[in-house]
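**Student:** There's a structure below that I have some questions on.
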């Protein structure tokens with residue numbers, strides 16, 4: 009009897025060991041599956057991101073309409089504040105001209121921030137605040153210019169058409185445009201009702217040596233040739249308001265010329281438009 013009991017106990021022990029091994033195998037397989045699911049998450053987020061960016065494009069007027077913009081001119085008037093003290097600095101006027109794919113001219117007038125920049129996607133020149141001479145863009149300023157044209161608004165809106173960008177969605181109604189070329193990203197928050205991009209978060213490169221978090225929050229929109237553009241927005245850096253801007257002028261495919269954009273002002277002053 010005792011030997012029979014011991015035999016039965018050994019049998020039960022062997023069965024228990026077999027069950028335990030089976031359970032361990034299931035756990036290991038489940039862990040492997042869990043890891044695989046985690047590895048697949050970026051793809052899932054990418055799908056969500058693509059759906060969101062397509063909704064945004066439709067809300068803005070349509071991806072094909074945006075892609076049909078080959079020339080873009082805009083002039084903005086803004087009030088600016090000191091990002092450290094919160095003190096009102098004064099009015100700034102900024103004129104931006106852009107020709108696809110990467111030609112950019114910026115002329116800006118403002119207290120301590122008057123400058124001119126021209127960039128063709130590879131090289132360019134600029135007139136820095138407080139100076140009266142033209143210099144080549146290099147170093148941190150070159151990095152700033154490259155990032156400026158890569159994440160120019162019209163390029164961001166069509167980021168899904170550029171394979172050098174990665175599209176994902178880190179949270180609800182947020183499109184992340186990851187730029188591995190510049191090692192940066194922009195988070196675009198869409199309005200829950202209209203799907204318009206009401207907030208864009210990034211790292212400001214205004215001071216290339218000291219990038220800080222930046223947010224643009226859109227409060228008003230206008231329509232130009234069937235495409236929606238921000239009309240009024242607030243700019244903050246590190247959580248502090250540094251500018252409140254209002255659109256004065258937007259022209260699409262208005263006949264911009266590269267020779268005009270690349271021309272250096274003889275008096276070293278920015279060239280604004282009188283509308």
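Numbering (this note's numbering), first residue to last: 9 to 283. Every residue, glycine too, gets a C-beta built ideally from N, C-alpha and C.
From residue 83 to residue 210, what does the alpha carbon distance come to, in whole angstroms?
**Tutor:** Taking the first residue of the chain shown as position 1, residue 83 is located at position 75. Taking the first residue of the chain shown as position 1, residue 210 is located at position 202. Residue 83 and residue 210: Cα-Cα distance of roughly 22 Å.
**Student:** Which of helix, strand or coil does DSSP assign to residue 199?
**Tutor:** What you label residue 199 is simply residue 191 of the chain shown in a count that begins at 1. DSSP places residue 199 in coil when its eight states are reduced to three.
**Student:** If we count the other Cβ atoms within 10 Å of its Cβ and call it buried at 16 or more, is residue 186 buried or exposed?
**Tutor:** Against the chain shown, residue 186 aligns to sequence position 178. Classification of residue 186: buried, given that the 10 Å Cβ count is 16 or more.
**Student:** Can you tell me whether DSSP reads residue 117 as helix, strand or coil?
**Tutor:** Counted from its first residue, the chain shown places residue 117 at position 109. Strand.
**Student:** Unbroken alpha helix (DSSP H) runs of length 4 or more, entirely within the region 226-273: which are they?
**Tutor:** 266-270
**Student:** Based on DSSP bridge pairs, tell me the residues matched to residue 128.
**Tutor:** One-based indexing of the chain shown puts residue 128 at position 120. None; residue 128 has no bridge partner.
**Student:** Using the Cβ count rule (16 or more neighbours within 10 Å means buried), how would you classify residue 221?
**Tutor:** The residue labelled residue 221 in the question sits at position 213 within the chain shown. By the beta-carbon neighbour count (other beta carbons within 10 angstroms, threshold 16), residue 221 is exposed.
**Student:** Are at least three pairs of beta-carbons, each pair with one atom in the region 93-106 and one in the region 218-233, less than 8 Å apart?
**Tutor:** The count of Cβ pairs closer than 8 Å, one atom from the region 93-106 and one from the region 218-233, stays below three, leaving the stretches out of contact.
**Student:** What residue from 277, 56, 172, 268 has the CA that sits closest to residue 127's CA?
**Tutor:** Indexing the chain shown from 1 puts residue 127 at position 119. Here the closest residue by C-alpha is 268.
**Student:** Helix, strand or coil, according to DSSP, for residue 112 in the structure here?
**Tutor:** Position 104 of the chain shown, counted from the first residue, corresponds to residue 112. Residue state, collapsed to three classes: strand.
**Student:** DSSP three-state call for residue 204: helix, strand or coil?
**Tutor:** Indexing the chain shown from 1 puts residue 204 at position 196. In the structure shown, residue 204 sits in coil (DSSP, three-state: anything other than H, G, I, E or B).
**Student:** Determine the extent of the alpha helix (DSSP H) in which residue 160 is found, giving its start and end residues.
**Tutor:** Here residue 160 refers to the residue found at position 152 of the chain shown. Where residue 160 is concerned, there is no enclosing alpha helix (DSSP H), given that its DSSP letter is neither H nor E.
**Student:** For residue 143, which residues does DSSP report across the bridge?
**Tutor:** Here the question's residue 143 lines up with position 135 in the chain shown. In DSSP, residue 143 forms a bridge with 134.
**Student:** Taking only three categories from DSSP, how would you classify residue 277?
**Tutor:** Mapped onto the chain shown, residue 277 falls at position 269. The answer is coil: DSSP assigns residue 277 none of H, G, I, E or B.
**Student:** Out of curiosity, what's the CA-to-CA distance linking residue 116 and residue 149?
**Tutor:** Taking the first residue of the chain shown as position 1, residue 116 is located at position 108. Taking the first residue of the chain shown as position 1, residue 149 is located at position 141. Distance between the alpha carbons of residue 116 and residue 149 is about 16 Å.
**Student:** Rounded to the nearest angstrom, what separates residue 56 and residue 62 at their Cα positions?
**Tutor:** Along the chain shown, read from residue 1 onward, the residue named residue 56 stands at position 48. Along the chain shown, read from residue 1 onward, the residue named residue 62 stands at position 54. Going from the Cα of residue 56 to the Cα of residue 62 covers about 10 Å.
**Student:** With respect to the alpha helix (DSSP H) encompassing residue 71, which residues constitute its N-terminal and C-terminal limits?
**Tutor:** Indexing the chain shown from 1 puts residue 71 at position 63. Per DSSP, residue 71 belongs to the alpha helix (DSSP H) from 71-75.
**Student:** Exposed or buried, what is residue 177 when buried is set at 16 or more other beta-carbons lying within 10 Å of its beta-carbon?
**Tutor:** As a first step, residue 177 is located in the chain shown; it is residue number 169 there, counting from the start. The residue in question, residue 177, is buried, as its Cβ has 16 or more Cβ neighbours within 10 Å.
**Student:** Please report the Cβ distance between residue 79 and residue 261, rounded to the nearest whole angstrom; I am assuming they are in contact, meaning their Cβ atoms lie under 8 Å.
**Tutor:** Here residue 79 refers to the residue found at position 71 when the chain shown is read from its first residue. Here residue 261 refers to the residue found at position 253 when the chain shown is read from its first residue. Sure, about 5 Å apart at Cβ, within 8 Å.
**Student:** Alpha carbon to alpha carbon, how far is residue 122 from residue 132? Give it in angstroms, no decimals.
**Tutor:** Translated into positions along the chain shown, residue 132 becomes position 124. Translated into positions along the chain shown, residue 122 becomes position 114. One C-alpha to the other measures close to 18 Å.
**Student:** Taking the continuous beta strand (DSSP E) assigned at residue 86, which residues delimit it?
**Tutor:** The residue given as residue 86 occupies position 78 in the chain shown. Here the beta strand (DSSP E) through residue 86 covers 79-89.
**Student:** Would you tell me roughly how many angstroms separate the C-alpha atoms of residue 1 and residue 245, rounded to the nearest one?
**Tutor:** The structure shown does not extend to residue 1, since the chain is modelled only from 9 through 283, so no value can be given for it.
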